[in-house]
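Below you'll find the structure, written out as structure tokens, and then a few comments.
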Amino acid sequence: MLKAELSDEEVFDKVSAFLMKHKQDYTGKERDFILKNCLWGRRSSLVTDILRQIYDELNLLEEKENVYNQFLCILKQNFDINTDIVEIGGGKIPTLSKKIAQRQTHGTIVTYDNKLIIPKISIPNLTLVKRRLLLNEQLKAKMLIGFMPCEGTETAISLVKRNRLDFMIALCDGTGHGEDSFLSPEEWVSSMIYDAKQAAREAGLGEVKKTYIKGSPYPIIYNRR
Ligand SMILES: C[S@@+](CC[C@H](N)C(=O)[O-])C[C@H]1O[C@@H](n2cnc3c(N)ncnc32)[C@H](O)[C@@H]1O
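The sequence shown begins at 179 in our numbering and counts up by one.
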């Protein structure tokens, strides 16, 4: 949720100024959408990714209502973040990776997304890679994470199995998982959990656990060895 003390005008002005500064990074359609919906965060903490990244970048969100902070909190409760981590589907602004990198005392985080727009961030342990991860890559990491990486979820599960990685993935409704899919969001989520369980069993990653962040009907899944 947006900070209560911010007026609607303040939110609009800050988001407009951000878009002016990053004009080349958003299409006209995206800019129109963002401006039209820039108060969406008054009603929900789970707004669409391009908007929630800008909210976080501009520090417009209540700390506890920030979905990236909630994910980070669950991650830290279950894993040591001071290790080598890969994030799949960081988005245009790699909000989650930035937060993790700033809190790591050692270890690294590498974020992959072909949509990345801020390729130069000077956090030494953070590497941004502007491309998609493929199903069968060899990763030099101990853990893979994803925050609602949509169709990247299937790739993520394949990669954790192939590379025997610990993982934590926030699922979404899966609407980006392919135009020809005939699965409902609920069926898609169930199929991802099924695949993750199978991957964990085959790669010796232990049990697959489920938890939720506030405001999302879709689970976060992770392994426990
Ligand atoms: C809904 S967005 C979420 C972005 C970000 N995690 C967030 O929540 O702010 C899903 C992102 O996953 C990315 N993605 C999907 N498949 C991917 C893959 N195989 N490798 C890297 N990125 C992928 C898309 O490009 C998109 O930016």
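Built from N, CA and C at the ideal position, the CB exists for glycine as well. This one's a predicted model, so the numbers in the text were calculated from it and none came from an experiment.
Would a C-beta distance cut-off of 7 Å place residue i and residue j closer than the cut-off?
i, j, result
"Arg342", "Ala381", "yes"
"Leu229", "Tyr246", "no"
"Tyr400", "Asn256", "yes"
"Gly269", "Asp210", "no"
"Glu243", "Ser223", "yes"
"Met326", "Leu253", "no"
"Leu250", "Lys277", "yes"
"Gly219", "Tyr204", "no"
Quick check on residue i: does DSSP put it in helix, strand or coil?
i, result
"Phe257", "coil"
"Phe360", "coil"
"Gly206", "helix"
"Val406", "Limits of the chain in this structure are 179 at one end and 403 at the other, which puts residue 406 out of reach."
"Met346", "strand"
"Arg340", "helix"
"Val386", "strand"
"Gly330", "helix"
"Leu213", "helix"
"Gly219", "helix"
"Met179", "coil"
"Tyr372", "helix"
"Arg402", "strand"
"Ile323", "strand"
"Val193", "helix"
"Ile335", "helix"
"Lys318", "coil"
"Ile301", "coil"
"Ile391", "coil"
"Asp186", "helix"
"Leu229", "helix"
Would you grab the beta carbon distance between residue i and residue j for me? Rounded to a whole angstrom, and I think it's under 8 Å.
i, j, result
"Gln231", "Ile263", "Rounded, the Cβ-Cβ distance is 19 Å, inconsistent with contact."
"Ala377", "Val338", "6 Å"
"Leu349", "Met370", "6 Å"
"Leu306", "Thr289", "5 Å"
"Ile391", "Gly330", "So it is not a contact: roughly 18 Å between Cβ atoms."
"Gln282", "Ile296", "Not quite, the Cβ-Cβ distance comes to about 19 Å (not below 8 Å), so this is no contact."
"Val367", "Gly352", "7 Å"
Within the region 232 to 299, ranges of the alpha helix (DSSP H) (whole runs, at least 4 residues): 245 to 256, 273 to 281, all fully within the region 232 to 299.
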